[in-house]
Amino acid sequence: MRPIQMVDTKTQYHKIKSQIDSAVSSVMESTAFINGKPVGEFAASLSSYLGVKHTIPCANGTDALQIAMMALDLQPGDEVITPSFTYIATTEVIALLRLKPVFVEVDKQSFCIDPTALEKAITPKTKAIVPVHLYGQAAPMEEIMTIAKKHGLSVIEDNAQAIGCDYTFPGVEKIASASARKKTGTIGHIGATSFYPSKNLGAFGDGGAIFTDDDRLADKMKMIANHGQSQRYYHDIVGCNSRLDTIQAAILDIKLKHLDEYIAARRKAADFYDRAFAGNKRLKIPFRAGYSHHVFHQYTVILDVADDADPAGYRDGLHRFLADNKIPSMIYYPVPGHRQKMFEQFHVASQQMPVTDWLTQRVISLPMHTELDEEQLGHITAKVNEYTIK
Ligand SMILES: Cc1ncc(COP(=O)(O)O)c(C=O)c1O
210 MRPIQMVDTK
220 TQYHKIKSQI
230 DSAVSSVMES
240 TAFINGKPVG
250 EFAASLSSYL
260 GVKHTIPCAN
270 GTDALQIAMM
280 ALDLQPGDEV
290 ITPSFTYIAT
300 TEVIALLRLK
310 PVFVEVDKQS
320 FCIDPTALEK
330 AITPKTKAIV
340 PVHLYGQAAP
350 MEEIMTIAKK
360 HGLSVIEDNA
370 QAIGCDYTFP
380 GVEKIASASA
390 RKKTGTIGHI
400 GATSFYPSKN
410 LGAFGDGGAI
420 FTDDDRLADK
430 MKMIANHGQS
440 QRYYHDIVGC
450 NSRLDTIQAA
460 ILDIKLKHLD
470 EYIAARRKAA
480 DFYDRAFAGN
490 KRLKIPFRAG
500 YSHHVFHQYT
510 VILDVADDAD
520 PAGYRDGLHR
530 FLADNKIPSM
540 IYYPVPGHRQ
550 KMFEQFHVAS
560 QQMPVTDWLT
570 QRVISLPMHT
580 ELDEEQLGHI
590 TAKVNEYTIK
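So the sequence shown is numbered by my numbering: it starts at 210 and just counts up by one.
So, in structure tokens, the structure goes:
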């Protein structure tokens with residue numbers, strides 16, 4: 210059996226090695242390392258794939274979120290609502306910009322922001338919502354957009370984990386039509402994504418992008434990403450320096466052509482896992498929402514353990530048992546945002562988040578990538594079942 214990895218970018222690279230190597234070498238020959246032609250070409254390809262008017266490439270997914278927030282003319286102390294159960298990048302940039310992160314609960318099944326909790330958290334100071342399409346499945350965008358419209362709020366989608374995911378607007382008459390479907394990252398006012406190497410569309414280094422259909426926001430975000438420049442050496446607003454390297458853009462443009470095939474491979478592995486865990490009562494397989502295609506950035510299961518039976522200890526035991534059997538696994542995320550020390554200043558640690566706390570003690574993510582074969586999947590599922598079915 211080939212060694213099992215959490216993410217196998219090397220085997221994936223070897224399948225398209227000649228195309229990648231020739232694209233990289235042509236950037237080297239051109240020496241246009243910054244803002245070379247492939248950057249614009251990749252942005253155009255991605256806009257067309259997603260069906261969005263503007264794609265603004267930038268240095269990473271964290272910058273993408275930061276630039277999006279900087280474009281919204283928010284004032285210090287303005288509130289931005291976001292789930293507590295997410296990667297730190299989503300919430301960190303809110304505090305970095307001297308805004309106030311307001312943490313809300315997620316849905317126990319979908320892991321995404323709970324619209325009821327979201328609406329309850331709105332105050333006169335709320336200005337924006339950042340839903341996260343966690344693990345590769347869309348947040349309930351129709352409900353979120355309806356709430357945002359009602360309260361005049363901006364929506365920035367954190368699409369770092371769900372590039373390529375199709376969201377279907379619920380509603381009987383809409384279901385049949387193509388207009389009922391949109392790619393995540395293009396539904397809110399702005400979408401942000403990451404091309405971190407392990408992402409579904411991963412670069413060979415850091416990278417990110419921002420999406421919008423709004424011309425004014427697009428112009429502003431382009432300026433912000435480029436030192437607030439309107440023309441060279443004329444800086445109208447405070448910005449930053451956030452660029453996607455030409456080499457990364459050239460690689461990503463090739464990998465984008467394979468994205469749907471990569472998603473299909475991830476879904477095939479997820480189907481294998483689902484089947485193998487079907488009779489296992491100790492373990493909840495990922496919920497598949499009717500409104501969203503799941504692109505399985507992660508395959509995350511919930512261990513069904515009672516509160517008084519040390520759920521985190523049981524879960525961590527599985528993590529160690531798998532490691533002893535040469536199977537990597539990850540805990541995404543052991544500490545939710547509202548309990549992070551960095552947010553102490555907002556006095557959120559005592560906030561009641563029973564669902565988030567429940568999940569952080571029970572989730573575990575299994576190896577998920579495009580190159581898993583049946584022998585590897587068979588071994589992983591046999592060991593997970595061995596530990597959990599006793
Ligand atoms: C949900 C989420 N948001 C934001 C980011 C930040 O992306 P990057 O690592 O490219 O800055 C990530 C990446 O890990 C992520 O998973």
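Heads up, the beta-carbon is just placed ideally off N, CA and C, and yes, glycines get one too.
task = Could you tell me the boundaries of the beta strand (DSSP E) in which Leu-512 lies?
result = The residue given as residue 512 occupies position 303 in the sequence shown. Here the beta strand (DSSP E) through Leu-512 covers 508-512.
inquiry  = Can you tell me whether Phe-661 is buried or exposed? The criterion is at least 16 other CB atoms within 10 Å of its CB, across all chains shown.
reply    = Residue coverage of the chain in this structure runs from 210 to 599, which leaves residue 661 outside it and unanswerable.
key: Residues sharing a beta bridge with Asp-367, DSSP   = Locating residue 367 in the sequence shown gives position 158, where the first residue counts as 1. Note: Asp-367 is bridge-paired with Val-341, Ala-401 in the DSSP secondary-structure output.
query = Can you tell me whether DSSP reads Gly-526 as helix, strand or coil?
reply = Counted from its first residue, the sequence shown places residue 526 at position 317. Helix at Gly-526.
query = According to the Cβ coordinates, are His-200 and Ser-538 closer than 8 Å?
reply = Missing from the structure shown is residue 200; the chain here goes from 210 to 599 and no further.
ask   = What are the boundary residues of the beta strand (DSSP E) that includes Ser-574?
value = As a first step, residue 574 is located in the sequence shown; it is residue number 365 there, counting from the start. Counted as a single uninterrupted DSSP element, the beta strand (DSSP E) harbouring Ser-574 occupies residues 572-575.
Among Ile-331, Asp-375, Pro-324, nearest to Ala-347 - alpha-carbon criterion = Position 138 of the sequence shown, counting from 1, holds the residue named residue 347. Of the candidates Ile-331, Asp-375, Pro-324, Asp-375 places its Cα closest to the Cα of Ala-347.
request  = Could I get the ranges of all uninterrupted beta strand (DSSP E) runs contained in the region 254-315, with 3 residues as the minimum, in chain order?
outcome  = Counting only runs of at least 3 residues, the region 254-315 fully encloses the following beta strand (DSSP E) elements, listed from N- to C-terminal order: 263-267, 288-292, 309-313.
Given 8 Å, three or more beta-carbon pairs between the region 241-249 and the region 444-456 = Put simply, the region 241-249 touches the region 444-456. At least three CB pairs are less than 8 Å apart.
ask   = Should Thr-299 be counted as a contact of ligand 1 given a C-beta to heavy atom distance under 7 Å?
value = Position 90 of the sequence shown, counted from the first residue, corresponds to residue 299. True, at least one ligand heavy atom lies under 7 Å from that Cβ.
ask   = By a C-beta neighbour count over all protein chains shown, 10 Å radius and 16 as the cutoff for buried, is Val-447 buried or exposed?
value = The residue given as residue 447 occupies position 238 in the sequence shown. Within a 10 Å sphere around the beta-carbon of Val-447 sit fewer than 16 other beta-carbons, which makes this residue exposed.
ask   = What did DSSP end up calling Phe-420 once you bin it into helix, strand or coil?
value = Here the question's residue 420 lines up with position 211 in the sequence shown. The answer is strand: DSSP assigns Phe-420 an E or B state.
message = My parser needs the alpha helix (DSSP H) runs of 4 or more residues fully inside the region 406-462; what are they?
response = Qualifying alpha helix (DSSP H) stretches, in chain order: 424-434.
inquiry  = Contact between the region 561-580 and the region 498-516 is defined here as three or more beta-carbon pairs at a separation below 8 Å; is this criterion met?
reply    = Taking 8 Å as the limit for Cβ pairs, the verdict is that the region 498-516 does touch the region 561-580.
inquiry  = Along the chain, where does the alpha helix (DSSP H) containing Lys-219 start, and where does it finish?
reply    = Here residue 219 refers to the residue found at position 10 when the sequence shown is read from its first residue. 218-224 is the extent of the alpha helix (DSSP H) around Lys-219.
task = Using 7 Å as the cut-off, classify the Cβ of Val-510 as near or not near the heavy atoms of ligand 1, replying yes or no.
result = Mapped onto the sequence shown, residue 510 falls at position 301. Not so, every heavy atom of ligand 1 lies at least 7 Å from the Cβ.
ask   = So Phe-486 and Leu-586 are in contact, right, with Cβ under 8 Å, and what is the actual spacing, rounded?
value = As a position in the sequence shown, residue 486 is number 277, starting the count at 1. As a position in the sequence shown, residue 586 is number 377, starting the count at 1. Cβ-Cβ separation between Phe-486 and Leu-586: approximately 11 Å, too far for a contact (criterion under 8 Å).
key: Given Ile-399 as reference, the closest of Ala-434, Ser-363, Gly-417 once Cα atoms are compared   = Mapped onto the sequence shown, residue 399 falls at position 190. It is Ser-363.
task = Would you kindly work out how many angstroms separate the C-alpha atoms of Lys-358 and Ala-326, rounded to a whole number?
result = In the sequence shown, the residue the question calls residue 358 occupies position 149. In the sequence shown, the residue the question calls residue 326 occupies position 117. Roughly 16 Å separates the two Cα atoms.
query = What's the call for Ser-234, buried or exposed, on a 16-neighbour Cβ count within 10 Å?
reply = Start at 1 with the first residue of the sequence shown, and residue 234 comes out as number 25. The residue is exposed, with fewer than 16 neighbouring Cβ atoms inside 10 Å.
request  = For Asn-269, verify whether its CB is less than 7 Å away from any heavy atom of ligand 1.
outcome  = Locating residue 269 in the sequence shown gives position 60, counting from the first residue. Relative to ligand 1, the nearest heavy atom lies less than 7 Å away from the CB of Asn-269.
query = If we count the other Cβ atoms within 10 Å of its Cβ and call it buried at 16 or more, is Arg-484 buried or exposed?
reply = For the purposes of this step, residue 484 is taken as residue 275 along the sequence shown, with counting starting at 1. Exposed, by the Cβ-count rule.
request  = Tell me whether Ala-369 counts as near ligand 1, meaning its Cβ is closer than 7 Å to at least one heavy atom of that ligand.
outcome  = Stepping through the sequence shown from its first residue, residue 369 is reached at position 160. Ala-369: yes, Cβ under 7 Å from ligand 1.
request  = Would you mind working out which of Arg-425, Met-278, Ile-460 sits nearest Phe-242, comparing C-alpha positions?
outcome  = Position 33 of the sequence shown, counting from 1, holds the residue named residue 242. Shortest Cα-Cα distance from Phe-242 to any of Arg-425, Met-278, Ile-460 involves Ile-460.
ask   = If you measure from the CB of Thr-264, is any heavy atom of ligand 1 nearer than 7 Å?
value = Here residue 264 is taken as the residue at index 55 of the sequence shown, counted from 1. No, the Cβ of Thr-264 stays beyond 7 Å of every heavy atom of ligand 1.
query = Are the Cβ atoms of Phe-555 and Pro-310 separated by less than 8 Å?
reply = In the sequence shown, residue 555 corresponds to position 346, counting from 1. In the sequence shown, residue 310 corresponds to position 101, counting from 1. Pro-310 is positioned such that its CB atom lies closer than 8 Å to that of Phe-555.
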